[in-house]
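Using our numbering, the letters of the sequence shown map in sequence onto residues 1 to 160.
Beta carbons: idealized from backbone N, C-alpha and C, even for Gly.
Owing to the predicted nature of the structure, the values given are computational and were not obtained by experimental measurement.
A short worksheet on the structure shown next.
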Amino acid sequence: MCRHVLGQYDEALADFNRSYAIDDSLFTLVRRARLRYTRGESAQADADFDLAAARAPDVAWIASERGDHYRLTGRHEEASAALRDCLSREPEDANSWAILGELHRLRGEYEEALRHLDHALSPSPDYGYAYAERARVYVALGRTEEARADLERSPTRDGS
1 MCRHVLGQYD
11 EALADFNRSY
21 AIDDSLFTLV
31 RRARLRYTRG
41 ESAQADADFD
51 LAAARAPDVA
61 WIASERGDHY
71 RLTGRHEEAS
81 AALRDCLSRE
91 PEDANSWAIL
101 GELHRLRGEY
111 EEALRHLDHA
121 LSPSPDYGYA
131 YAERARVYVA
141 LGRTEEARAD
151 LERSPTRDGS
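As structure tokens, this is what we get:
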């Protein structure tokens, strides 16, 4: 995974492939899918996510990861479905709630976005991504003081 972070994508893919050949863990498969997306290999990333979901159809975190992948590729309806699938099994998954909030914000559904982002912050009050997304909603609603307060509460303060 270090090579992925360093931008050494070819070497990272070779590492993931070796690791997966030794131990075909779901974690390695999902991380390889993420790397493939980063490399611009969307079809291969989709295939890895499909394989992970087929191998473990009831595992919530795989549905959440898949939903995030769909969000990143602009497939928002598929993202919403995968995230709701995750939440049906893991109702307090903050990441899924936050991504759903972002998707509602992108559609201009600000009150629904706030509801989802508030839900994301309930189990994870230090979740910077949820604060940053909620700040974006507040800005869209003209509530700049609340937006500023959320950005101040964000642990990273840079919106990540």
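Check whether the Cβ atoms of residue i and residue j sit closer than 9 Å, and answer yes or no.
i: Gly67; j: Ser42; result: no
i: Ile99; j: Arg71; result: yes
i: Leu83; j: Ala63; result: yes
i: Glu152; j: Glu133; result: no
i: Arg89; j: Asp58; result: yes
i: His69; j: Ala79; result: yes
Comparing alpha-carbon positions, which option in the options lies nearest residue i?
i: Pro91; options: Glu111, Pro125, Ala120 and Glu102; result: Ala120
i: Thr38; options: Arg153, Ser25 and Gly7; result: Gly7
i: Ala56; options: Asp15, Glu111, Val30 and His104; result: Val30
i: Tyr138; options: His104, Pro123 and Tyr20; result: His104
i: Glu77; options: Arg34, Asp24, Ala54 and Leu106; result: Leu106
i: Gly128; options: Ser19, Asp23 and Ala94; result: Ala94
i: Leu35; options: Ser88, Cys2 and Gly108; result: Cys2
i: Ser154; options: Ala47, Asp118 and Ala130; result: Ala130
i: Ala135; options: Arg115, Tyr110, Asp46 and Arg148; result: Arg148
i: Ala140; options: Asp126, Ile22 and Glu111; result: Glu111
i: Thr73; options: Asp50, Gly40 and Ala60; result: Gly40
Using 10 angstroms around the beta-carbon of residue i, count the other beta-carbons present and answer buried if the total reaches 16, otherwise exposed.
i: Gly142; result: exposed
i: Asp150; result: buried
i: Cys86; result: buried
i: Ser160; result: For Ser160, the predicted structure reports a pLDDT of 45, less than 50, and the residue's modelled location is therefore unreliable. A value from the coordinates is still provided. So Ser160 ends up on the exposed side.
i: Thr28; result: buried
i: Glu145; result: exposed
i: Arg18; result: exposed
i: Arg32; result: buried
i: Ser25; result: exposed
i: Ala45; result: buried
i: Ala14; result: exposed
i: Ala47; result: exposed
I'd like the list of long-range same chain contacts for residue i, defined as Cβ closer than 6 Å, with 5 residues on each side in sequence excluded.
i: Arg157; result: Its pLDDT being 44, under 50, Arg157 is placed unreliably by the model, and the measurement read from it follows with that caveat. The answer is none, since no qualifying residue turns up.
i: Tyr20; result: Thr28
i: Ala60; result: Cys86, Arg89 and Glu90
i: Leu51; result: none
Who are the near neighbours of residue i in its chain, counting only those whose CB is closer than 8 Å to its CB and skipping five residues on each side?
i: Ala53; result: Ile62, Ala63 and Arg66
i: Ser124; result: Ala94 and Ala130
Any C-beta of chain C sitting closer than 9 Å to the C-beta of residue i?
i: Arg115; result: Among the protein chains of the structure shown there is no chain C, as only one such chain exists.
What residues in its chain sit with their C-beta under 7 Å from that of residue i, if we drop five residues either side in the sequence?
i: Phe16; result: Thr28, Arg31, Arg32 and Leu35
i: Asp10; result: none
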